[in-house]
Amino acid sequence: MLENIGINWIKKNLFNTWYNSILTIISVIFISWLGSGLLTWIFTTADWTVLKDNIKLFFVGTYPVKLLWRIYLSLAIITILGGISWGIISSKTNLFNKQNLIIIFSISITSIIISLPLGRQTGITLLGLLITIISSGIIGQKYLSKVSFFTKWLSLIWVITFFLVTGLIEGGLFLEPVKIDNFSGLLLTLFIAIISIVICFPLGILLALGRQSKLPIIRWLSIGYIEIIRALPLIGILFMAQVMLPLILPPEVRPDRVIRAICGLIIFASAYLAENIRGGLQAIPKGQTEAAKALGLNTPLMLTLIILPQAIKAVIPAIVGQFISLFKDTSLLAIVGLIDLLGISQSILANPKFIGKYAEVYLFIALIYWIFCYTMSLASKKVENN
Amino acid sequence: MNEEKTPLWRDERFWQMAGQVLIVIILLIIISYFGNNLNQNLEQLGIKFGFDFLDRPASFNIGDKVITYQSTDPYSKAILVGLLNTLRVLLIGIILATFLGIMIGIGRLSDNWLVRQISSIYVQTLRNTPLLLQLFCWYFAVFLKLPKIENPLTFLNSIYLSNRGMDIPWPENTTKTWLSLALIFISIIVSLLLWWKRLKLIENEAKSGKNLLYIILGLSVFSLLILIFGLDWKIPQLNAQIGFIKGGLNLSPEFATILFGLTFYTAAFIAEIVRAGIQSVDKGQTEAAKALGLKSGLILQLVIFPQALRVIIPPLTSEFVNLAKNSSLAVAIGYNDIYAVANTTSNQTGKAIEMLLIVMTTYLIINLIISSIMNIFNRLVQIKER
Numbered sequence: 077m078l079e080n081i082g083i084n085w086i087k088k089n090l091f092n093t094w095y096n097s098i099l100t101i102i103s104v105i106f107i108s109w110l111g112s113g114l115l116t117w118i119f120t121t122a123d124w125t126v127l128k129d130n131i132k133l134f135f136v137g138t139y140p141v142k143l144l145w146r147i148y149l150s151l152a153i154i155t156i157l158g159g160i161s162w163g164i165i166s167s168k169t170n171l172f173n174k175q176n177l178i179i180i181f182s183i184s185i186t187s188i189i190i191s192l193p194l195g196r197q198t199g200i201t202l203l204g205l206l207i208t209i210i211s212s213g214i215i216g217q218k219y220l221s222k223v224s225f226f227t228k229w230l231s232l233i234w235v236i237t238f239f240l241v242t243g244l245i246e247g248g249l250f251l252e253p254v255k256i257d258n259f260s261g262l263l264l265t266l267f268i269a270i271i272s273i274v275i276c277f278p279l280g281i282l283l284a285l286g287r288q289s290k291l292p293i294i295r296w297l298s299i300g301y302i303e304i305i306r307a308l309p310l311i312g313i314l315f316m317a318q319v320m321l322p323l324i325l326p327p328e329v330r331p332d333r334v335i336r337a338i339c340g341l342i343i344f345a346s347a348y349l350a351e352n353i354r355g356g357l358q359a360i361p362k363g364q365t366e367a368a369k370a371l372g373l374n375t376p377l378m379l380t381l382i383i384l385p386q387a388i389k390a391v392i393p394a395i396v397g398q399f400i401s402l403f404k405d406t407s408l409l410a411i412v413g414l415i416d417l418l419g420i421s422q423s424i425l426a427n428p429k430f431i432g433k434y435a436e437v438y439l440f441i442a443l444i445y446w447i448f449c450y451t452m453s454l455a456s457k458k459v460e461n462n
Numbered sequence: 600m601n602e603e604k605t606p607l608w609r610d611e612r613f614w615q616m617a618g619q620v621l622i623v624i625i626l627l628i629i630i631s632y633f634g635n636n637l638n639q640n641l642e643q644l645g646i647k648f649g650f651d652f653l654d655r656p657a658s659f660n661i662g663d664k665v666i667t668y669q670s671t672d673p674y675s676k677a678i679l680v681g682l683l684n685t686l687r688v689l690l691i692g693i694i695l696a697t698f699l700g701i702m703i704g705i706g707r708l709s710d711n712w713l714v715r716q717i718s719s720i721y722v723q724t725l726r727n728t729p730l731l732l733q734l735f736c737w738y739f740a741v742f743l744k745l746p747k748i749e750n751p752l753t754f755l756n757s758i759y760l761s762n763r764g765m766d767i768p769w770p771e772n773t774t775k776t777w778l779s780l781a782l783i784f785i786s787i788i789v790s791l792l793l794w795w796k797r798l799k800l801i802e803n804e805a806k807s808g809k810n811l812l813y814i815i816l817g818l819s820v821f822s823l824l825i826l827i828f829g830l831d832w833k834i835p836q837l838n839a840q841i842g843f844i845k846g847g848l849n850l851s852p853e854f855a856t857i858l859f860g861l862t863f864y865t866a867a868f869i870a871e872i873v874r875a876g877i878q879s880v881d882k883g884q885t886e887a888a889k890a891l892g893l894k895s896g897l898i899l900q901l902v903i904f905p906q907a908l909r910v911i912i913p914p915l916t917s918e919f920v921n922l923a924k925n926s927s928l929a930v931a932i933g934y935n936d937i938y939a940v941a942n943t944t945s946n947q948t949g950k951a952i953e954m955l956l957i958v959m960t961t962y963l964i965i966n967l968i969i970s971s972i973m974n975i976f977n978r979l980v981q982i983k984e985r
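Heads up: the sequence lines are chains X and S, in that order. FYI, in this note's numbering the residues of the first sequence are 77 to 462. FYI, in this note's numbering the residues of the second sequence are 600 to 985.
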């Protein structure tokens, strides 16, 4: 019986017409050629010591070793809060449905496999994070979702956490400060990406509103900004930010390289974000504006309470897509001399000890980028479906 | 009639006007402040603004060039060489990426399970990793890892792959070649016209148009024959003793990298656009066409594609523009496109602002050209209101 189902499935999905049969045979040959080549390379030719020896460099770069506890603490805070939010958001559904179980299972398997090339510590850390996220998720669903304080102020808690974690990592006040220019590796990539996303979001909203405005000067200024920036390559804008910012500021002010890079990314991304949000604004029926006006709301209140929430909700997938490409674009900072995840792998590869290990290193950081981008796109798909 | 005049401070229009004037004034102040700083800083550095440096000899060599260029030629010619290099990548890249993207996009909707999975993995992998990383992978882990020129990889005794790039057969610059090319071009145009006429015949007069189809078939066989035998093909010849490949066209590893990287990356995005476009056509359309007795090939041609194209072309335009902008990443792997040449020039002369202006204007113009050509296409496929 089961056998029959299997054969039927194969017949229906792989060999239903003559050209599909040819395609299937070609695909099987292609997959087996690629797969066998890849597997033999992974297990015999590839030399994974380059990853094991540099694992700290990849993740936190040259962050002072004696202050590493701050990174671990920040990670713990973020995972606990993430788990709690996951629990609260899915308070009415089953926390461990089939899809989530598959994800959890594959993460745990990956962290075990990954400890072979990366060392035991990385695997244990990953497993620890997974356990933290699951347990805080259960706590969040069981207990905290009934506390109205948490459900109401969840986004506010995230905002506070954002400042808390950046403060913790950067130092300052009573903590020993770490210079931003000393950030490198994945830490720098995440730092730049998150700060740029947070700042370019309100700017993008303002530009989108400006473009829709009835006031001609504001409208034309917004259109000019958006269209010019969108026609330029990012690498040119980043270069401009590195070269021009020090030139147009008074000689006393010399922003460091990371700040300049963030400025460049914000200038670039806000124009794209504005176009995404404009799409959402155009999707709002006119009746909404008229109803809000009839209720006697003034323009700022109308925008913040009625129009923007709906507009942004309508284009969440596009916005997340924009964030994903911003995250990928941070890799260009390696060209203008910053040591982000890609930059640090270039400098590791320049080390004579690890020369020629391009494939191993690139595969590893590609995996890191892929995990972040894919998680973001999965999350946006979930939001879209809800 | 005693019309009460609204006082100025209660008039909304006055305040809107005043607000806009205020914004312009603030903007002017900011710009003049920055400009003032720029002037002072440039004076301090001893740099004068001006384009007269373009006539001085460039004194750097360019590896890839379409026209003759020596290091004694002026900067303006170096920039022209860079521009031609950019256009070369752009043109070939757009054609290849569109072709591959359409194939993969259709592959994602194939009823063959394996083909669907392969296309989907392709899209998910390439879309979720940074382009720069992919370029580094192609360059360092593929093209530079190829065997030495004495012992290259060979396909069909006519294509050679070595760490000096790719050698492919290429027609020689003779009158015979150009004549054949002209013939091929004419027959392609005639076939396209006939094809369009045939569709019109089927749509308006319900004729099968078989005769036209045969003519088109004949024309394509004819052009294929001319392509193979009419052109003066020069097949590369390997001389293993001195490590030299004679004849044919050599694509440098840098050119091959930027071309392959851009093509494969952009194709993943185009595939998603094509898939969304085809899926946007309502299922009822296919069913209605089937009920009219159309064969599946004709359903695709007459019903699905014309409607899908309306959805596909606008995002396709922005994908082409993205490809143009992303081609500036060539600077990271040392392919001398316009951005890389400008980078070298501004490093040598210190004229960063002037070079940025030139590069930015060039990209603006390129993008304008791409979008206006695509807009013409767009107008052709949009619904014509009768």
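We put the beta carbon where it would ideally sit given N, CA and C, even for glycine. None of the values given here were measured: they were computed from a predicted structure.
Given this structure, state the Cα-to-Cα distance separating residue i from residue j, to the nearest angstrom.
i              : j              : result
M600 (chain S) : W608 (chain S) : Residue placement at M600 (chain S) cannot be trusted, given a pLDDT of 47 that sits under 50; what the coordinates show is reported in the next sentence. Cα-Cα distance, rounded: 23 Å.
P852 (chain S) : N942 (chain S) : 20 Å
T399 (chain X) : N727 (chain S) : In the sequence as displayed, the identity of residue 399 (chain X) is Phe instead of Thr. Going by the C-alpha atoms only, they are around 12 Å apart.
T208 (chain X) : T198 (chain X) : 15 Å
T773 (chain S) : D831 (chain S) : 7 Å
V880 (chain S) : I903 (chain S) : 7 Å
T468 (chain X) : G933 (chain S) : As displayed, chain X neither begins before 77 nor continues past 462, which places residue 468 (chain X) out of reach and without an answer.
L956 (chain S) : I678 (chain S) : 13 Å
I447 (chain X) : F181 (chain X) : 15 Å
F267 (chain X) : L899 (chain S) : 48 Å
A455 (chain X) : W162 (chain X) : 11 Å
A870 (chain S) : L861 (chain S) : 14 Å
I785 (chain S) : L824 (chain S) : 14 Å
Please list the partners that residue i has in chain S, where partner means a Cβ-to-Cβ separation under 9 Å.
i              : result
V319 (chain X) : S945, A951, I952, L955
P327 (chain X) : N636, Q639, N640, Q643
S224 (chain X) : Those do not exist, as S224 (chain X) stays about 38 Å from chain S at its closest Cβ, beyond 9 Å.
Identify whether residue i lies in helix, strand or coil by the three-state DSSP scheme.
i              : result
Y450 (chain X) : helix
K87 (chain X)  : helix
L850 (chain S) : strand
G892 (chain S) : coil
S761 (chain S) : strand
L251 (chain X) : strand
W124 (chain X) : coil
M600 (chain S) : Note on M600 (chain S): pLDDT 47, under 50, position unreliable in the model; no value is reported.
G261 (chain X) : strand
P278 (chain X) : helix
For residue i, return the contacting residues in chain S, with the cut-off set at a CB-CB distance below 8 Å.
i              : result
G312 (chain X) : S927, Y938, L955, V958, M959, Y962
What residue does the beta strand (DSSP E) around residue i start on, and which one ends it?
i              : result
F843 (chain S) : 843 to 845
Q840 (chain S) : No beta strand (DSSP E) holds Q840 (chain S); DSSP gives it neither H nor E.
Identify the continuous alpha helix (DSSP H) that holds residue i and give its terminal residues.
i              : result
Q639 (chain S) : 611 to 644
I814 (chain S) : 809 to 824
S421 (chain X) : 417 to 426
K290 (chain X) : Segment: none, K290 (chain X) is in no alpha helix (DSSP H) and carries neither H nor E.
E328 (chain X) : Per DSSP, E328 (chain X) belongs to no alpha helix (DSSP H) and is neither H nor E.
E918 (chain S) : 904 to 925
E771 (chain S) : From DSSP, E771 (chain S) is part of no alpha helix (DSSP H); its letter is neither H nor E.
F106 (chain X) : 94 to 116
A944 (chain S) : The question names Ala, but residue 944 (chain S) in the sequence shown is Thr. Segment 937 to 948, the alpha helix (DSSP H) holding T944 (chain S).
D405 (chain X) : 392 to 405
G829 (chain S) : Where G829 (chain S) is concerned, there is no enclosing alpha helix (DSSP H), given that its DSSP letter is neither H nor E.
F134 (chain X) : 131 to 136
V412 (chain X) : Careful: V412 (chain X) lies outside any alpha helix (DSSP H) and carries neither H nor E.
Which chain S residues are close to residue i, counting only those with a beta carbon under 7 Å from its beta carbon?
i              : result
I324 (chain X) : F633, N636, L637
A442 (chain X) : T728, L732
M316 (chain X) : L955
I411 (chain X) : V930, A931
S407 (chain X) : P729, L731, L732
Can you pull the chain X residues whose beta carbon is under 9 Å from the beta carbon of residue i, in chain order?
i              : result
L641 (chain S) : L323
Alpha helix (DSSP H) runs wholly inside the stretch 670 to 758 of chain S, at least 4 long, in chain order
674 to 706, 712 to 726, 730 to 735
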